[in-house]
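Just below is one structure, and these are the notes that go with it.
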Amino acid sequence: ALAMPAPAPLPEVIASLEERGWQYALGLGGGPRELGRGAFGTVLLLQGAEGQKCVTKRVDTAKLKKAERRLIETEVSLLRAVDHPNVMRCLDCFVDPDGCLQIVCEFADRGDLCQHIRAQKAVGRPFAEDLVLCWAKQVLLALQCLHAQRILHRDLKAENVLVTSANVLKLADFGVSVQLEPERKARDIVGTPYYYAPEMCEGLSYDEKCDVWSMGVLLCELLTFELPFYSEVPQEVMKKIIYAPPPSLPSSVSADVAALVQTLLTKKPDKRPTADEVLATALMEQAPGPHSVALPGMAAAVDEQAEDYEEDFEDVDERSDSS
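Sequential numbering of the sequence shown, starting at 1, is according to full-length UniProt numbering.
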């Protein structure tokens, strides 16, 4: 597959946070509030001029290998190219006086869907179906926006969908995303095995439909708190994705929602719907908006995000090692 033109090089603008209108939010010890740390970067909480909270990924570019630098360039380029309420926005990107790249993004103060799944599973009750549909619609709207520009996310999973206190979802982590030329497909195997589409597992070329499959896996997870195709052995996971039927859903799941899961998890990509087609169904058209359903309570959600950001960095390390 040929991607669109190479991502823009990282900016050379030397400026302090203050000059760009940001300042570090202070932690208990009086220093910058750290949310996570990875092999070549730190995630810190920021405040904007109007007091809004944001995060910055502070990356020491001098320590980056060529492949790592390219992953970050891709992520920054795509984040800046997409403007959608359900996609994490890159608010600023510059090099600070220490030579570190600062990537400033929106802050989602209610953690990610993985944390919500864990918390709800511990309560022992399923999510309200209205809430699941509200969330599914928002992720599909994010995919619709990406796919209109031929951007494949390729790592849609619960950890990469962040939640705000207004119950607005933000699709994040574009480190392995790709933008394809018209009529082109991708072939490389990237992302998280549990969410791979069958065509990816078979080593075939694939397009935007790979994200639609991942949406089916995520929807299954929101309804059952389990991954639909699970094994501790990666080869077994791929075998199940290719050959095993999707697991049956609890009887509490409505027939319409169960049918949607089956449709999203259609093995053959040419029979699987696009994000556009799913959004055009009556079920999705009638799905409630973020303000009309209650967000489940989750204590200390802000601090739990730290774990998330560390994973983000580890993911990049693993990806760049394999590229």
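For glycine and all other residues, C-beta sits at the position ideal for the given N, C-alpha and C. Quantities reported herein were computed from a predicted structural model and do not represent experimental measurements.
- From the listed residues P246, P250 and S251, the smallest Cα separation to Q262 is found for P246.
- Less than 8 Å separates the beta-carbon of R58 from that of C100.
- Secondary-structure assignment with DSSP links F94 through a beta bridge to Q102.
- Excluding its 5 nearest sequence neighbours in each direction, V178 has C-beta neighbours in its own chain below 7 Å: A3, L152, R154 and A186, listed in chain order.
- Taking the Cα of R184 as reference, the smallest distance to any Cα among D130, E208 and P250 is reached at E208.
- Residue environment for L219: buried (at least 16 other C-beta atoms within 10 angstroms of its C-beta).
- Here the C-alpha atom of L222 lies approximately 30 Å from the C-alpha atom of L180.
- According to the DSSP assignment, R80 belongs to the alpha helix (DSSP H) that extends over K66 to A81.
- Contact between the region 75–87 and the region 21–32 is absent, with fewer than three C-beta pairs closer than 8 Å.
- Note that the C-beta distance between L171 and A148 is not below 8 Å.
- A straight-line Cα-Cα distance of about 6 Å links P290 and V168.
- Closest in C-alpha terms to T164, from the list D276, L227, R37 and F107, comes F107.
- When rounded, the separation of the alpha-carbon atoms in P273 and V139 is 15 Å.
- In this structure, the alpha-carbon of M200 lies about 43 Å from that of Q23.
- DSSP lists L26 as the bridge partner or partners of P32.
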